[in-house]
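The letter at position 305 of the sequence shown is residue 305 when you use full-length UniProt numbering, and the numbering goes up by one with no holes. Have a look at the structure below before the remarks.
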Amino acid sequence: MTLITKTFGIAARNFVAYPNMPDARKLVEYGVRVEELGYDSVWVWDHMLLGVDPNFPIIDSLTALTGIAARTTKIRMGTGILVLPLRNPVALAKQLSSMDQLSNGRMIMGMAAGWYKREFDAMSLPFSKRGKIMDQNLEIMRRLWTEDRVTGKYSIADPETGVQLEYNMSKAVMYPKPAQSHLPILIGGYADAALKRAGTTGDGWLTYFYRAEDFKKSWDKVLGFAKEAGKDPNSVMSASQLPIMVGASKEAVREDMMDWLNKEWDFPEHSDCTRESAIMGSVDDCVEQLKAHIDAGVQKIIFVPYKYEMKQIETIAREIIPRLKAL
């Protein structure tokens, strides 16, 4: 799909390791700078709570993107990913449509069902029902964005906790709609249920720290689910978040990169997320490794630069992305 094919985004550091604290104003300046460098999009992480010991203070994803939207004109803004079941879908539909209006149609959302049970418990939401809640929330938002009036009753009950989620809409009118005629939503996750959601109800798949061969294995499933549902597989989008460190050689940077990945990043069990997805080495080394991802079907690469160092970010923009675009 032309919207994101051969485009290159960059992650923003809206979470840090305690006792450090993220700086909301610096996040906005970061967004301005990466737009100047020519990145297609800037992506933030999303959690309400993250970690205990260690814990990771985090600036709200949509607050950060709103600030960036107000100071930029071209760069697209995304979440990698937003934990959809934690949000009231009516309130979120209003917020995202307003953000899309503010940015003149530059939102591209990554969403997933979530994995951190502590967040769900704190917000009185049934963790075991998060997949069903996500599907319901997606439907409610899409209807509010596309229909003149929405009537429908939605309900999910959890007999174990007694939690009852109900949304009763009677001729619900929500304007303005998003600036885009179709606000794109990429689905995150690695289980087959998530891959099916990505290929059917979502607009595509957004993954995290996958090697090229593992990406292709799951991407083929996403396309298969789309085809089974009668959806044109060529319309399904893909994006991959990849850690990267540019240096003298792969051997020269490997120790530092692995130390960072071990201290600040999560690698879910039973997934193909791995530290070995890290792109490392000279510019030539990195281009060669990244080419394998493009060949595997990755349309958009979202770089997660080593410790978000500006030198890394500038090198990627000036020396790596032009070569990838020329492939």
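For each residue, glycine too, the CB sits at the ideal point set by N, CA and C. Treat the numbers as computed from the prediction; the structure is a model and nothing was measured.
Residue environment, residue i, which counts as buried when at least 16 other CB atoms sit within 10 Å
i: VAL28; result: buried
i: GLY38; result: exposed
i: PRO305; result: buried
i: TRP45; result: buried
i: MET77; result: buried
i: LEU144; result: buried
i: VAL34; result: buried
Continuous beta strand (DSSP E) stretch holding residue i: start and end
i: ASP158; result: 150 to 158
Contact under 8 angstroms by Cβ, residue i with residue j
i: GLN180; j: ASP100; result: yes
i: SER41; j: ILE81; result: no
i: PHE56; j: TYR116; result: no
i: GLY131; j: GLY188; result: no
i: SER240; j: VAL298; result: yes
i: ALA11; j: GLY67; result: no
i: LYS312; j: VAL222; result: Reading off the sequence shown, one finds Gln at residue 312, where the question assumed Lys. No, these two residues do not count as a Cβ contact at 8 angstroms.
i: PHE8; j: PHE303; result: yes
Reference residue i, options the options, closest by Cα
i: ALA198; options: ALA93, VAL236, LEU84 and ASP158; result: VAL236
i: ALA292; options: ASP192, ILE313 and PHE215; result: PHE215
i: ALA91; options: PHE267, SER240, LYS117 and ALA172; result: ALA172
i: GLU228; options: SER238, THR201, GLU251 and SER240; result: THR201
i: PHE120; options: MET141, LEU144 and ARG87; result: ARG87
i: ASP284; options: PRO268, SER128 and ILE320; result: ILE320
Continuous alpha helix (DSSP H) stretch holding residue i: start and end
i: GLN312; result: 310 to 315
i: GLY67; result: 61 to 71
i: residue 353; result: There is simply no residue 353 to check, as the chain begins at 1 and stops at 327 in what is shown.
i: GLN95; result: 89 to 102
i: TYR30; result: 24 to 36
Presumed contact (8 angstroms Cβ cut-off) between residue i and residue j, rounded CB distance
i: LYS177; j: SER97; result: 6 angstroms
i: ALA278; j: PRO243; result: 5 angstroms
i: MET48; j: MET123; result: 7 angstroms
i: THR5; j: TRP43; result: About 17 angstroms separates the two Cβ atoms, so there is no contact after all.
i: LYS307; j: TRP260; result: 6 angstroms
Proximity test, Cβ basis, 8 angstroms: residue i and chain B
i: TYR30; result: Among the chains in the structure shown there is no chain B, since it carries only a single protein chain.
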